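First the structure, in the form of structure tokens, and then the observations on it.
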Amino acid sequence: MSYYISPRFLDKLAVHITKNFLELPGVRVPLILGVHGRKGEGKSFQCELVFERMGVEVTHISGGELESPDAGDPARLIRLRYRETAELVKVRGKMCVLMINDLDAGAGRFDEGTQYTVNTQLVNATLMNIADNPTDVQLPGSYDSNPLQRVPIIVTGNDFSTLYAPLIRDGRMEKFYWHPDRDDKIGIVGGIFGEDGLSHTDVEKLVDTFANQAIDFFGALRSRIYDEQIRNFIHDIGIERVSSRVVNSADAPPDFRQPNFSLPHLIEMGNLMVEQQKLVDDSRLVHEYNRGALRSQANFIPIPAPNHEARFTDRAPLEAQVITNFQSIPEQSGNGFKNEIYNEVSHKNISEGIQPYYRTYNNGDIHHGQLTTTRVTPEAINQMRDILASGHHIGIDYVDQIRFATGGWRSFSTHAIDDMENAIATLEQCLVEHTKDYIRLVGIDHKVNLRVMETIIQRPDGKIGSL
Numbered sequence: 007m008s009y010y011i012s013p014r015f016l017d018k019l020a021v022h023i024t025k026n027f028l029e030l031p032g033v034r035v036p037l038i039l040g041v042h043g044r045k046g047e048g049k050s051f052q053c054e055l056v057f058e059r060m061g062v063e064v065t066h067i068s069g070g071e072l073e074s075p076d077a078g079d080p081a082r083l084i085r086l087r088y089r090e091t092a093e094l095v096k097v098r099g100k101m102c103v104l105m106i107n108d109l110d111a112g113a114g115r116f117d118e119g120t121q122y123t124v125n126t127q128l129v130n131a132t133l134m135n136i137a138d139n140p141t142d143v144q145l146p147g148s149y150d151s152n153p154l155q156r157v158p159i160i161v162t163g164n165d166f167s168t169l170y171a172p173l174i175r176d177g178r179m180e181k182f183y184w185h186p187d188r189d190d191k192i193g194i195v196g197g198i199f200g201e202d203g204l205s206h207t208d209v210e211k212l213v214d215t216f217a218n219q220a221i222d223f224f225g226a227l228r229s230r231i232y233d234e235q236i237r238n239f240i241h242d243i244g245i246e247r248v249s250s251r252v253v254n255s256a257d258a259p260p261d262f263r264q265p266n267f268s269l270p271h272l273i274e275m276g277n278l279m280v281e282q283q284k285l286v287d288d289s290r291l292v293h294e295y296n297r298g299a300l301r302s303q304a305n306f307i308p309i310p311a312p313n314h315e316a317r318f319t320d321r322a323p324l325e326a327q328v329i330t331n332f333q334s335i336p337e338q339s340g341n342g343f344k345n346e347i348y349n350e351v352s353h354k355n356i357s358e359g360i361q362p363y364y365r366t367y368n369n370g371d372i373h374h375g376q377l378t379t380t381r382v383t384p385e386a387i388n389q390m391r392d393i394l395a396s397g398h399h400i401g402i403d404y405v406d407q408i409r410f411a412t413g414g415w416r417s418f419s420t421h422a423i424d425d426m427e428n429a430i431a432t433l434e435q436c437l438v439e440h441t442k443d444y445i446r447l448v449g450i451d452h453k454v455n456l457r458v459m460e461t462i463i464q465r466p467d468g469k470i471g472s473l
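Each residue of the sequence shown is one higher than the one before, counting from 7 in this note's numbering.
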């Protein structure tokens, strides 16, 4: 089977690897190349194809090896594999690279629920040290004065914004965002179905039919086509005898004829797979679990009330209160909201001389009851509403004053938020827990997992809603 290699991908990896083995006077070459992008787009597989094409040998480290019960083991493993790869260059007489798959899964910090361990810190520090001194990489407890062969490092991941910011700065890591265009997809899918008699025109139609799907969808689709023959094989043998026939049998392995790879059949199977994807997305059990956890917090108070009614709570007077009736949150429909009626009422608080704000939306499809928020301003609600109206999801980040200058933002929300109720509740909790930090709202294009807008809504001086 002949697989397609994207010219852009081949060019980026070939230049980075070759540049790290050349002596360029007065030029500081980044040691690490970070290949990032959406899940299932074939980042690791394209790397393997490039390595095979160039005749490069690879030493692998998985993101799962970057954690251990013993502190320091993952950092030592990275140093050991790097030294082994440097020695391999001398022994084999060819270019070799160290490749770390899914670095963000092993060393990233996705949200406040992700544990940040000593090993995570040591992995980040070790990679930074190797990037700064690629010919002087020592093992703990020993010292070798002989300089090592410089070895380029290739890392893959989905979201490098979860990594330690100094690690991914340009002097240490060169970034390459891999998002295959239509031509790349046609070439890759054509290679997947290369032995199945699918014409180039059919490949184009298949790619266009499932334009929003990742590359691995088409590999899974090809595997799905064999299900019918395997099902018939199980019925013929008998489900009680399948194990002994497949694993422990003196007979020849079962032989399957080529299944029906016609375009209509592929589209039919593909639609069944897409339907299963939608069922996962629509179940949203994690949203229900997280919403239940948020409601147990003291600052998330649902108040039963008739529709469109705003009322005071029994809380002490605060600077401002925003009461949102979630029986009337706007319904998202593709590119915008519908059936929206906007109300804003001010009321004089005689004891404090403050004017709380009340905001109501009209739509009866979300929840009965009412949510009281004491910190989320009308401006912040408007911004979240605009993000959802654009068809995007909402993220919430925070950073302290020290890390603000280095861009060390951390995600507060455990997932991208796609409804106003959860958005306001999560932002409320973030504002309560991070009163002295910067907080920003993020618009996320969930189809390509790309941040499209960022707005700071709180600064450490206590100003909320300042941009």
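Quick reminder that beta carbons are idealized off the backbone N, C-alpha and C, glycines included. Every value quoted in this text rests on a predicted model; they were computed, and no experiment measured them.
Delimiting residues of the alpha helix (DSSP H) encompassing residue i
{"i": "residue 88", "result": "79-98"}
{"i": "residue 430", "result": "426-439"}
{"i": "residue 274", "result": "269-289"}
{"i": "residue 179", "result": "First-last for residue 179: 179-183, but that is the beta strand (DSSP E), not the alpha helix (DSSP H)."}
{"i": "residue 59", "result": "49-60"}
{"i": "residue 213", "result": "206-215"}
{"i": "residue 110", "result": "109-113"}
{"i": "residue 193", "result": "188-198"}
{"i": "residue 14", "result": "13-27"}
{"i": "residue 228", "result": "221-231"}
{"i": "residue 446", "result": "Not the alpha helix (DSSP H): residue 446 falls in the beta strand (DSSP E), residues 444-451."}
Assigned exposure category for residue i - 16 Cβ within 10 Å defines buried
{"i": "residue 245", "result": "exposed"}
{"i": "residue 21", "result": "exposed"}
{"i": "residue 30", "result": "exposed"}
{"i": "residue 212", "result": "buried"}
{"i": "residue 206", "result": "exposed"}
{"i": "residue 5", "result": "Not covered by the structure: residue 5. The range shown for the chain is 7 to 473."}
{"i": "residue 411", "result": "exposed"}
{"i": "residue 354", "result": "Note that residue 354 scores a pLDDT of 38, beneath 50, so its modelled location is shaky; the value from the coordinates is reported in the next line. Its Cβ having fewer than 16 others within 10 Å, residue 354 is exposed."}
{"i": "residue 185", "result": "exposed"}
{"i": "residue 282", "result": "exposed"}
{"i": "residue 58", "result": "exposed"}
{"i": "residue 376", "result": "With a pLDDT of 45 at residue 376, under the threshold of 50, the modelled position of that residue is not reliable, and no figure is offered here."}
{"i": "residue 448", "result": "buried"}
{"i": "residue 209", "result": "buried"}
{"i": "residue 108", "result": "buried"}
{"i": "residue 286", "result": "exposed"}
{"i": "residue 274", "result": "exposed"}
{"i": "residue 28", "result": "exposed"}
{"i": "residue 440", "result": "buried"}
{"i": "residue 258", "result": "exposed"}
{"i": "residue 437", "result": "buried"}
{"i": "residue 98", "result": "exposed"}
{"i": "residue 458", "result": "exposed"}
Contact under 9 Å by Cβ, residue i with residue j
{"i": "residue 73", "j": "residue 123", "result": "yes"}
{"i": "residue 110", "j": "residue 168", "result": "yes"}
{"i": "residue 424", "j": "residue 415", "result": "no"}
{"i": "residue 42", "j": "residue 183", "result": "yes"}
{"i": "residue 157", "j": "residue 81", "result": "no"}
{"i": "residue 243", "j": "residue 262", "result": "no"}
{"i": "residue 429", "j": "residue 394", "result": "yes"}
{"i": "residue 37", "j": "residue 251", "result": "no"}
{"i": "residue 171", "j": "residue 409", "result": "yes"}
{"i": "residue 95", "j": "residue 155", "result": "yes"}
Candidates the options, of which the one nearest residue i by Cα
{"i": "residue 431", "options": "459, 409, 130 and 400", "result": "400"}
{"i": "residue 463", "options": "457, 201, 453 and 381", "result": "381"}
{"i": "residue 142", "options": "88, 278 and 272", "result": "88"}
{"i": "residue 105", "options": "115, 85 and 96", "result": "85"}
{"i": "residue 482", "options": "231, 32, 180 and 16", "result": "For residue 482 there is no data in the structure shown, the boundaries of the chain being 7 and 473."}
{"i": "residue 229", "options": "211, 265 and 194", "result": "265"}
{"i": "residue 187", "options": "444, 223, 461 and 12", "result": "12"}
{"i": "residue 45", "options": "149, 100 and 163", "result": "163"}
{"i": "residue 445", "options": "438, 405 and 238", "result": "405"}
{"i": "residue 55", "options": "456, 19, 75 and 68", "result": "19"}
{"i": "residue 201", "options": "436, 57, 8 and 458", "result": "8"}
{"i": "residue 68", "options": "161, 435 and 191", "result": "161"}
{"i": "residue 413", "options": "260, 396, 173 and 95", "result": "173"}
Extent of the continuous beta strand (DSSP E) to which residue i belongs
{"i": "residue 173", "result": "Residue 173 -> no beta strand (DSSP E), and no H or E assigned at all."}
{"i": "residue 68", "result": "63-68"}
{"i": "residue 403", "result": "399-405"}
{"i": "residue 464", "result": "456-464"}
{"i": "residue 160", "result": "159-163"}
{"i": "residue 33", "result": "It is not in any beta strand (DSSP E) - residue 33 carries neither H nor E in the DSSP assignment."}
Any non-hydrogen atom of the ligand FMN closer than 8 Å to residue i Cβ
{"i": "residue 387", "result": "No copy of the ligand FMN occurs in the structure displayed, which carries no ligand at all."}
Integer Cβ distance of residue i from residue j, believed to fall under 8 Å
{"i": "residue 240", "j": "residue 253", "result": "At roughly 14 Å, the Cβ-Cβ gap does not stay under 8 Å, so residue 240 and residue 253 are not in contact."}
{"i": "residue 70", "j": "residue 166", "result": "So it is not a contact: roughly 18 Å between Cβ atoms."}
{"i": "residue 218", "j": "residue 453", "result": "6 Å"}
{"i": "residue 10", "j": "residue 203", "result": "That pair is no contact at about 17 Å."}
{"i": "residue 407", "j": "residue 461", "result": "Not quite, the Cβ-Cβ distance comes to about 19 Å (not below 8 Å), so this is no contact."}
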